[in-house]
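Shown next, in structure tokens, is the structure this report addresses.
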Amino acid sequence: MELINATRMQAGYSMGLEPSGRELLVVAVKGTYHLPLAGERPRLLEQQVPLVMADTFSGEPGLSAPIYETDFAPKKHRCDVLLLGSAYAPGGDPCPRVGVGMKVGNVQKRFVVTGPRVWKSTAVTVRPGEPQPFVSQPISYDIAFGGVDNHHENEAKHAAFIANPVGLGFHQHLKSQWVDAAPMPRTEQFNVPITLPHKHYVPQAFGPVGRGWHPRSTYGGTYDQHWLDEIFPFLPPDFNELYYQSAPAEQQTAYLQGGEEVILINLTPNGRVQFNLPHTHMPVYFFPRKGPLIEQHANADTLVFEPDQQRFTITWRTHLPLKRNMFEIAQVVAGKRSKAWWRARQSGKTYYSSLDQVPAPKKTRHEGSTP
2 MELINATRMQ AGYSMGLEPS GRELLVVAVK GTYHLPLAGE RPRLLEQQVP LVMADTFSGE
62 PGLSAPIYET DFAPKKHRCD VLLLGSAYAP GGDPCPRVGV GMKVGNVQKR FVVTGPRVWK
122 STAVTVRPGE PQPFVSQPIS YDIAFGGVDN HHENEAKHAA FIANPVGLGF HQHLKSQWVD
182 AAPMPRTEQF NVPITLPHKH YVPQAFGPVG RGWHPRSTYG GTYDQHWLDE IFPFLPPDFN
242 ELYYQSAPAE QQTAYLQGGE EVILINLTPN GRVQFNLPHT HMPVYFFPRK GPLIEQHANA
302 DTLVFEPDQQ RFTITWRTHL PLKRNMFEIA QVVAGKRSKA WWRARQSGKT YYSSLDQVPA
362 PKKTRHEGST P
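According to my numbering, the stretch in the sequence shown is residues 2 to 372, in order.
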């Protein structure tokens, strides 16, 4: 199968699977834009970020926060709005706490970022230590509330904070020697300060949540002996496609249409960034070996801001259920093509956008000989 990328972005395809076992041809297009300054509009960058082929992490997979998820989720019913970046003290003056915020359309999220801090524990009490002042502080689930409490001598009493097992600050057992001077989380909800290590708090970050974390893991379905005996290798019947959404629920919205207002607060050294997302229609054309052309509109279902790199990406996705396999599709075109290209295709000719693309005529045997 041939994929023609008619955009100035990155495009690719992969195979997906419905719970029924039916195969899907998944096409993803990702555009990388410059994060605009005040008064500017987003512009497509010449250097485009490649499509992500596999999940990546800040450290060891499974023991650290997800950074990027594969761009080839079979489908998403909503748009994930994510941000990978840092908190910046206003004016560059060190301070122990900074409020950060992100608004995209009707998605609004804000929380507090602190400098490094530790628990203070005695035989009778546990209290939070004072955070150190900072100028910039990376934001990640690695430093949000959570973690694993595996200090107890009895392994049966070990515990994990399943909403964020890679985080900091969670302790189910409050023995002073285990808690005192242990790192505290560096993010917390507005007006909900973290005061005790054994209470449950909502982890605060803007990045993707782990596939095995609660509540995302509950959408993955049941993989028991019945599944092994009767259903494998297909997805279990209780699989929910919400599993493919990598953002927490409060960072999900309807598919982007373009024009949505973006406001970032204290997520760049400038303090405030405000602009509107670009309008981009993303058609995808499937040409079966037999049968008529299939035209689809790819949905903008993933938005990732990376302010520290002065960029953001939008990923458009669509999928085609297949009758048998991908070989029934001869060609896929991602993006808009000119009328001349369509005329050439309908007439069975090869379209060249410039004379430079026209191949040189082959020399005849007589022309290539010497007297």
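Heads up, the beta-carbon is just placed ideally off N, CA and C, and yes, glycines get one too.
Given residue i as reference, the closest of the options once Cα atoms are compared
i	options	result
L26	T223, P270, R338, V333	V333
F162	H215, L85, W120	H215
F112	E189, E156, G147	E189
V180	P166, P198, P186, N192	P198
A29	K77, E47, P43, L36	K77
P166	T303, A145, E156	A145
Q205	E19, K110, G32	K110
H320	D302, P308, F306	D302
N271	R9, L169, A39	A39
A248	G259, A255, S122, D81	D81
H172	M54, V274, S122	S122
D239	G222, Q253, S141	G222
P91	V50, F135, F58	F135
A88	V149, E307, Q11	E307
Q1	D309, H152, N277	This structure leaves residue 1 out entirely; the chain is present only between 2 and 372.
A74	S339, I266, E242	E242
V105	P237, F191, F207	F207
R98	R187, H280, A182	R187
D72	L46, A55, P62, G86	A55
V53	P62, A12, P43	A12
E19	W342, N326, P322	P322
F328	A345, R290, W342	R290
P62	N326, G213, R344, E156	G213
Counted within 10 angstroms of its Cβ, other Cβ atoms place residue i as buried (16 or more) or exposed
i	result
L356	Its pLDDT being 46, under 50, L356 is placed unreliably in this model, and the coordinates cannot settle the point.
Q311	exposed
S348	exposed
Y224	exposed
L229	exposed
H282	exposed
E251	exposed
L83	buried
Q138	buried
E70	buried
G292	exposed
E261	buried
Close Cβ partners of residue i (< 6 Å) along its chain, the five nearest in sequence each way excluded
i	result
G211	P67
W317	V30, M283, A299, A301
L268	G86, V101, P308
C96	A90, P134
L304	V82, I315
P43	Y34, P37, P279
I295	F287
G22	F235
T219	none
Sequence-distant residues of its chain with Cβ nearer than 8 Å to residue i (five each side left out)
i	result
V193	Y202, V203
T371	A caution first: T371 carries a pLDDT of 49, below 50, which makes its placement in the model too unreliable to give a value.
V149	H159, A160, A161, F162, P166, F171
V108	V82, E251, Q252, Q253, T254
I232	P238
G147	F162, A164, N165, P166, V167, G168, L169, G170, F171, P186, P204
I195	P129, F146, G170, M185, P186, E189, Y202
Nearest-angstrom Cβ-Cβ length linking residue i and residue j, presumed shorter than 8 Å
i	j	result
I330	M16	In fact, because the Cβ distance is near 11 Å, the residues do not count as touching under 8 Å.
W33	T314	At residue 33 the sequence reads Thr, which differs from the Trp that was named. With a Cβ gap of about 5 Å, T33 and T314 count as contacting.
R79	T254	6 Å
Y256	R217	Not quite, the Cβ-Cβ distance comes to about 20 Å (not below 8 Å), so this is no contact.
Q246	V263	With a Cβ gap of about 20 Å, Q246 and V263 do not count as contacting.
G1	P132	With the chain running from 2 to 372 in the structure shown, residue 1 is simply not present.
L175	M185	About 14 Å separates the two Cβ atoms, so there is no contact after all.
M103	L278	That belief does not hold up - the Cβ atoms of M103 and L278 are roughly 13 Å apart, past 8 Å.
A183	W120	5 Å
Residue i beta carbon near the ligand NAP (any heavy atom closer than 8 Å)
i	result
R111	Absence of the ligand NAP from the depicted structure is noted, as is the absence of any ligand whatsoever, leaving it without description.
Sequence-distant residues of the same chain with beta carbon closer than 7 Å to residue i, five excluded per side
i	result
S65	F58, S59, D143, V167
H7	Note that residue 7 corresponds to Ala in the displayed sequence, not to His. Around A7: V334, A335, G336, K337, R338.
R9	L45
Chain C within 9 Å of residue i, Cβ atoms only
i	result
A66	You won't find chain C in this structure, because it holds only one protein chain.
Complete beta strand (DSSP E) runs within the region 288 to 344 (minimum length 3 residues, chain order): 295 to 298, 300 to 307, 312 to 322, 330 to 335
In chain order, what are the residue ranges of uninterrupted beta strand (DSSP E) at least 3 long that sit wholly in the region 4 to 63? 11 to 18, 24 to 35
Fully enclosed by the region 229 to 285, which alpha helix (DSSP H) runs are 4 residues long or longer? none
What ranges does the beta strand (DSSP E) occupy inside the region 140 to 211, keeping only unbroken runs of at least 3 residues that lie completely in it? none
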